[in-house]
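Report on one structure; see the data block that follows.
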Amino acid sequence: WIMEDPWEETVDPAETASEDEVEKHVNNVLREDEYVVAQDMPDLARARMFLENGRPIQVRCALQMIPMLFAESQQELVKDLFPVFKKWLLEAPTESNVEDREELLALAGDSLCTAAETGSMPHAAASKHVWPLTKQMLESSKSEVKEAWVKLAVEILQKKLLGLSEIEKEVLPFVIEAGDVSQSTERRKVCAVLVGALALAIPPERIRAKHAPKGKPARDHCSLFSRAMGLCQDTEHDIRGT
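In structure tokens, the structure reads:
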């Protein structure tokens, strides 16, 4: 048997590590520190910090907090968090990888939809902040993202979070234009979904009233009823089914 000398000097692995290994270890420690958050930090401040940092795991946490924050602190959320949320939504996601970006954009729509469903989203926030973002996200080319935000748009209309004047000024022109035969299949599908929600959100007499997409001449005026009939006769089976 060969026994090790208990008095033999042991060597610290750090002393034999290469400079690259030491640098990697230090970077890992610093990276872990970036995820440390004070336990007593308020939820609103935590969500804001997570969105500003832009790391997918933290952004996901912040987005999941939105329904709760709407319920607990509506005014503070709109004032302090929404500018950061909007910046992240329209700019920061391009820095993530594609799969993370699409998942987070869909989660953002789902979280806002939950806030609308539960009644914690105030009318002012829906009108001034949420609908403008929703309209932009409805133009997404990714089906998972579009689906989440279409669901949010329907919920906003069903919960009557927009007044009639806002609907006629902001929503109807968008839907009328999206349902035109010259538009893409995806845009016409969005129109087909929103037509049903709009029909329940506006007075019956306004369904047959003619509306015009913004910037279009009078000859392009069209009623919601006419657009719905056109979609029922669309050449695309998926649109007729929608």
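Residue numbers (the working numbering): 18 to 259. Just so you know, even glycine gets a beta-carbon here, dropped at the ideal spot from N, CA and C. None of the values given here were measured: they were computed from a predicted structure.
Item: C-beta atoms of Leu98 and Leu86 nearer than 8 Å; Value: yes
Item: Inter-residue spacing [alpha-carbon to alpha-carbon] between Glu89 and Leu169; Value: 20 Å
Item: Contact test: Leu80 Cβ vs the ligand ADP heavy atom, cutoff 7 Å; Value: As far as ligands go, the structure on display features none, and thus does not contain the ligand ADP.
Item: Alpha carbon of Asp117 to alpha carbon of Ala123, nearest angstrom; Value: 10 Å
Item: Whole-number beta carbon distance between Ile184 and Val147, since they are thought to touch under 8 Å; Value: Between Ile184 and Val147 the Cβ distance is about 14 Å, and since that is not below 8 Å, they are no contact.
Item: Exposed unless 16 or more other CB atoms sit within 10 angstroms - verdict on Cys249; Value: exposed
Item: Distance CB(Leu211)-CB(Val198) smaller than 8 Å; Value: no
Item: With 16 other Cβ atoms within 10 Å as the buried cut-off, status of Pro100; Value: exposed
Item: Close beta carbons around Leu94, own chain, < 7 Å, minus the five adjacent residues each side; Value: Leu61, Leu86, Phe87
Item: Cross-strand partners of Lys176 (DSSP beta bridge); Value: Looking at the DSSP assignment, Lys176 forms no beta bridge with any residue, so it has no partner.
Item: Exposure label - Met138; buried when at least 16 CB within 10 Å; Value: buried
Item: Cα-Cα separation, Leu217 to Lys206; Value: 18 Å
Item: Contact belief for Val162 with Glu119 at Cβ below 8 Å, rounded distance in angstroms; Value: 6 Å
Item: Assigned exposure category for Gln75 - 16 Cβ within 10 Å defines buried; Value: buried
Item: Whether Leu179 touches Leu215 by CB criterion (8 Å); Value: no
Item: Assigned secondary structure, Lys159 (DSSP; H/G/I helix, E/B strand, else coil); Value: coil
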